[in-house]
RNA sequence: GGCCCGUUCGUCUAGGGGUCUAGGACAUCUCCCUUUCACGGAGGAAACACGGGUUCGAUUCCCGUACGGGCUACCA
């Protein structure tokens, strides 16, 4: 009988969810869905000092925005509730497991004060040890249930002395485990310190908590970031000492997301520095009021964001680049997850958005554009520029020239507003007084012409040009500037047709007026 | 420093002993399309970190070196 696949994303609510965290959640989700399993969200709030209000809600909102649906967890509950470790602590489960380890001789009470720990480290450093550890060799000099008599320990415990429970890691023992992505990993236990399992405030550390919960929640695959690889051997040991090796999930350590430039992993600072979001959603730090921008507010489609993220460290083994969530689910596999870290490229992220923008139906883009136009330009409801036909036409003119919906109005402002100024460089370069009669008769011609379609205008402009012994090429650029104020932009004829006869005539008159005034 | 993990175009990556004259995408360059700018089309430049093995043959396997990353807390 094969167990039902169950994965979990278990973030710590210490701030907004980093895009690397979203990717970890995504891979957990994809793997679970692919195998018809469950995906859980567990909140690992065991560090009360780092707890940030609002972070948990942010995480849930971010995952929801991404389309990463949760089967069980803080937001939806489930058979293994509660899903918040601070609440699970009340169940006494962590202490129970920690004490079980003490009883079977694989963990011990340690009463050392912070000062004593500090002294120990300094002693070791002075002795030439670069990385001082609380381990098999140093613990013999410390205040713990291994060095104290049973009576002393009991009396300290009864007196309510502060203590932690540490894992008793043996020395010189090879610990091997199989990582789904990396294969066999072997570490000598001498490299592992006696990790704190239960803190003096009664809270478990991550090391103990994730194991207890993974077992209790019947997690089959623990998929997490590479930063956990060095402590994985300690986790293996805990499972072993708990007699739970058969229940141990398979571990998969994902490669990290690296900075677009320079060295190191992607951090919040890179976003500020290079001008791209590092977080899925906007986040305002409750303590400092500082705002970190999110992909959502930048105008990214969640589908584009997720697609981009999926391809950072994973590939389908084919040349396909655009995936729906369904396709990601059906094609995801650890065999195609990279081992090396992936440098994040903000340019490619934009490209993904552009691809998704083009897939949007014109009518929907127009509808959303309407909201933006109303907001910014505040037209009357009956204004022609708010009509669906006008807006859809705007979209058609601009759709393939932008990467974000917000750019439509930004780049196409002149489709809504009569220009207040004209591109001087083009005027200087192209304008000749001799052209004036042409523009005047073109204005008249347009005014009296019934056919205001792009092709109709094309014919009209060309014939008027011919009548003035001009070639179309000579005046087109000027016409563009007169109509839009700018030297470049959307298709000129399409733009004139969209604007309508009245507006075109108005703009042409304004332009000629402007020339005369100079 | 120690330990662990990694290393194919600038970037994300395909490829897992002969098919590699190393494929795709982003970015970049050139040309075409075009009234402009884009889009689109065509093309170009661009990579197996290095040194040893193993092998008839290594981008692919092994070992070193270099480089990069992570970890080295009563944080996760």
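Numbering (the working numbering), first residue to last: 131 to 648. Glycine included, every Cβ here is placed at the ideal spot set by N, Cα and C.
_Between the CA atoms of residue 526 and residue 500 - distance to the nearest angstrom_ = 14 angstroms
*Can residue 241 and residue 286 be called in contact, C-beta distance under 7 angstroms?*
yes
*Name the two residues that bound the continuous beta strand (DSSP E) containing residue 318.*
313-318
*When the Cα atoms are used, what is the spatial distance from residue 231 to residue 220?*
19 angstroms
*asked:* How far does the beta strand (DSSP E) with residue 353 in it extend, from its first residue to its last?
replied: 351-355
*Return the bridge partner residues of residue 334 from the DSSP annotation.*
328
_Distance, residue 623 Cα to residue 574 Cα_ = 17 angstroms
*Below 7 angstroms CB to CB, which residues in the same chain sit around residue 291 once its five sequence neighbours on both sides are set aside?*
241
*DSSP state of residue 543, grouped into three classes?*
helix
*Quick one: any contact between the stretch 555-574 and the stretch 439-454, if contact means 3 or more CB pairs under 8 angstroms?*
no
*Closer than 7 angstroms by C-beta to residue 594: which residues in its own chain qualify, once you throw out the five before and the five after it? Chain order, please.*
568, 571, 572, 575
*With burial defined as no fewer than 16 other Cβ atoms inside 10 Å of the residue's Cβ, what is the status of residue 370: buried or exposed?*
exposed
*With a threshold of 16 other CB atoms inside 10 Å of the CB of residue 618, please say whether the residue is buried or exposed.*
exposed
*What does a CB cutoff of less than 7 angstroms around residue 458 pick up in its chain, not counting 5 residues either side in sequence?*
160, 440
*Rounded Cβ spacing between residue 362 and residue 381 (contact assumed at less than 8 angstroms)*: 6 angstroms
*Determine contact between the stretch 410-422 and the stretch 179-189, defined as no fewer than three beta-carbon pairs at a distance below 8 angstroms.*
yes
*Relative to the alpha-carbon of residue 301, which residue among 426, 253, 423, 266 has its alpha-carbon at the smallest distance?*
266
*Measuring from the CB of residue 639, is there a heavy atom of the ligand FAD at a distance below 6 angstroms?*
This structure simply doesn't include the ligand FAD, nor any ligand for that matter.
*asked:* Please give the ranges of any beta strand (DSSP E) in the stretch 138-210, keeping only runs that are unbroken, at least 3 residues long and fully inside the region.
replied: 168-171
_residue 308 - containing beta strand (DSSP E), residue span_ = 304-309
*Can you give the beta carbon distance from residue 262 to residue 255, rounded, assuming they're within the 8 angstroms contact cut?*
6 angstroms
*For residue 538 versus residue 496, is the C-beta distance shorter than 7 angstroms?*
no
_Stretch pair the stretch 331-349 + the stretch 164-177: three plus CB contacts closer than 8 angstroms_ = yes
_With a threshold of 8 angstroms, are at least 3 pairs of Cβ atoms found where one atom belongs to the stretch 441-448 and the other to the stretch 418-428?_
no
*For the alpha helix (DSSP H) that contains residue 365, what are its first and last residues?*
362-371
*Go ahead and label residue 426 buried or exposed: buried means 16 or more other beta carbons lie within 10 angstroms of its beta carbon, across all protein chains shown.*
buried
*DSSP puts residue 444 in a beta bridge; with which residues?*
467
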